[in-house]
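What follows is a single structure, written as structure tokens, with notes after it.
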Amino acid sequence: MRTLQISLTGLAIACVVMSAAFISRKNLNDAVTSSSASHARDNIHPSWHETRWPFLMDQWGLGRAFNCTARDCGTEINVYVRAKIGFCNCTTGVADDEEIDRIGDVELISARYAGDAPGNDVAVADMKGRSRRYRITGTNAGQVLGGQVLGGQVLGGQVLVVAFSRKCDVMVATAVAGSGHTAPPEALVLQFLNGDVITGWATRDLGA
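Sequential numbering of the sequence shown, starting at 2, is according to my numbering.
Written out as structure tokens, the structure is:
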């Protein structure tokens, strides 16, 4: 009986030691993961350069395209921006999802899409607007994801649209990340849109 008690006591001690070791190892792994994620965020220094507008001419004309590489933004981001003069609600601006759905440029990417979630109010310089993510489905002969034309392929991804206005004029930005499977980080896109390039352009062209 004494031998059995000693064995059970030893087994209990071993279990406690193993549990403590497992917890310590898990805490260490969690700390390393958290540190790595924090390090990755700290190493993001967005740098944008202008690229060729990849879409065909339509009634709104050509826009401007900008790219931030994965090295600079954590994931590759392509943003397509253009002004739509006289196309915004002159009284309320881009105040709700119905308006951003109407004026957005998601059809540049695919003709089949739907809002993925309710949008958010945003500001670009002194201009108010709205952002919204959209889910892309189906096929379209002129799709552009991750900076590449994917003519005719089936899509299943997200894009982010940001629209902001002055008086009756609106500027629409359509943002795609990497392969297009998920929308790009909204904070990075808004940071870019609030930079000198876009705000200077908007000041010249909107609400004149």
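Note that CB positions come from ideal geometry on N, CA and C, so glycine has one too.
As the structure is a computational prediction, the values presented were derived from the model and not from experiment.
Range of the contiguous alpha helix (DSSP H) that encloses residue i
i, result
"Ala112", "Premise fails: Ala112 is in no alpha helix (DSSP H) and is neither H nor E."
"Ala71", "Ala71 to Cys74"
"Asp127", "That residue, Asp127, is in no alpha helix (DSSP H); it is neither H nor E in DSSP."
"Ala203", "Asp197 to Asp206"
"Asp170", "Run containing Asp170: none in the alpha helix (DSSP H); it sits in the beta strand (DSSP E), Asp170 to Ala178."
CB-CB length for residue i against residue j, believed under 8 Å
i, j, result
"Val160", "Ala174", "That pair is no contact at about 10 Å."
"Trp54", "Ala66", "5 Å"
"Asp210", "Ala84", "Because the chain here runs from 2 to 209, residue 210 falls outside it and cannot be looked at."
"Ser111", "Val123", "In fact, because the Cβ distance is near 23 Å, the residues do not count as touching under 8 Å."
"Val95", "Phe165", "6 Å"
"Asn195", "Val125", "6 Å"
"Lys168", "Cys91", "6 Å"
"Pro185", "Ile45", "No, Pro185 and Ile45 are not in contact; Cβ-Cβ is about 12 Å, not under 8 Å."
"Gly105", "Val162", "4 Å"
N- and C-terminal bounds of the beta strand (DSSP E) containing residue i
i, result
"Glu210", "Limits of the chain in this structure are 2 at one end and 209 at the other, which puts residue 210 out of reach."
"Val190", "Segment Glu187 to Leu194 is the alpha helix (DSSP H) holding Val190; no beta strand (DSSP E) there."
"Thr52", "His50 to Thr52"
Three-state secondary structure assigned by DSSP to residue i
i, result
"Ile86", "coil"
"Ile104", "helix"
"Asp122", "strand"
"Gly153", "Caution is warranted here: a pLDDT of 44 is assigned to Gly153, below 50, making its placement in the model unreliable, and the coordinate value is therefore given only provisionally. Coil at Gly153, not helix or strand."
"Leu29", "Low per-residue confidence applies at Leu29: pLDDT is 48, beneath 50, and the placement is therefore not dependable, though the value from the model is reported in the following sentence. Correct three-state label for Leu29: helix."
Worksheet entry | Contact the region 89–106 vs the region 115–124: 3+ CB pairs below 8 Å | yes
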